[in-house]
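Let me begin by presenting the structure, written as structure tokens, before commenting on it.
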Amino acid sequence: MAQQKPLTMAALGRPFHLGMLYDARTDRIITGATLWDPENLANNTNTRNQPYTGYEIITEDSLQKKAHALGVEASLKLSLYSGLISISGSAKYAEDYQKTTYETRLTLKYSTTTHFEQLTMKHLGKGNLNHPDLHDLDLATHVVTAVLYGT
Numbered sequence: 032m033a034q035q036k037p038l039t040m041a042a043l044g045r046p047f048h049l050g051m052l053y054d055a056r057t058d059r060i061i062t063g064a065t066l067w068d069p070e071n072l073a074n075n076t077n078t079r080n081q082p083y084t085g086y087e088i089i090t091e092d093s094l095q096k097k098a099h100a101l102g103v104e105a106s107l108k109l110s111l112y113s114g115l116i117s118i119s120g121s122a123k124y125a126e127d128y129q130k131t132t133y134e135t136r137l138t139l140k141y142s143t144t145t146h147f148e149q150l151t152m153k154h155l156g157k158g159n160l161n162h163p164d165l166h167d168l169d170l171a172t173h174v175v176t177a178v179l180y181g182t
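For what it's worth, the numbering used here labels the leading residue of the sequence shown as 32, then goes sequentially.
In structure tokens:
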């Protein structure tokens with residue numbers, strides 16, 4: 032894994048967990064492979080409450096508005112609409128369009144967050160990896176180091 036910039040993205044129903052590997056080149060989660068053992072991850076995690084509730088009324092049915100409502104960045108938007116990634120849950124909203132001119136679409140977007148988890152810095156160095164061989168395989172470009180839970 033080369034040195035990369037931090038990447039922030041919406042999960043869109045994908046099961047992100049701390050320590051998972053992610054390949055931004057293919058927009059895919061690398062399942063079954065982490066650089067640390069579960070115990071090491073559990074012992075090096077900070078959790079804090081981050082309660083938030085909000086709503087937005089969306090009256091447009093455009094691709095741009097839907098992407099904005101889902102919090103999707105440009106690169107992920109391209110992957111989403113080209114079919115590179117499949118979506119589930121509330122993100123399925125992006126695939127639903129007005130079917131006739133006799134329809135009107137009004138969407139209420141409800142957002143909530145509960146808590147934030149992140150890996151501590153003390154075990155992130157290459158010398159602290161439980162599985163250093165994975166680091167050199169070029170499987171992934173990023174490691175999931177933080178997750179904000181909510182909808």
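By construction, the Cβ of each residue, glycine as well, lies at the ideal position given by its N, Cα and C atoms.
If you reduce the DSSP assignment to three classes, tell me which class residue 140 lands in. strand
Tell me the rounded alpha-carbon separation between residue 152 and residue 182. 27 Å
Report the three-state DSSP secondary structure of residue 177 (helix, strand or coil). strand
By how many angstroms is the C-alpha of residue 86 removed from the C-alpha of residue 161? 42 Å
Once DSSP output is grouped into helix, strand and coil, what is the label at residue 48? coil
Starting from the C-beta of residue 138, find all residues in its chain whose C-beta is less than 6 Å away, skip the five residues before and the five after it, and write them out in chain order. 89
Which same chain residues end up closer than 7 Å to residue 80 when comparing Cβ atoms and leaving out the 5 residues on each side of it in sequence? 146
Less than 8 Å separating the beta-carbons of residue 66 and residue 178? no
For residue 49 and residue 71, what's the separation of their Cα atoms in angstroms? 11 Å
In this structure, how does DSSP classify residue 69 when only helix, strand and coil are distinguished? helix
Quick check on residue 150: does DSSP put it in helix, strand or coil? strand
In terms of residue numbering, what span does the beta strand (DSSP E) encompassing residue 79 cover? 76-89
Check residue 100 in the structure and name its three-state DSSP category. helix
For a quick check, are the C-beta atoms of residue 82 and residue 144 less than 8 Å apart? yes
Classify residue 36: buried if its beta carbon has 16 or more other beta carbons within 10 angstroms, exposed otherwise. exposed
Less than 8 Å separating the beta-carbons of residue 170 and residue 61? yes
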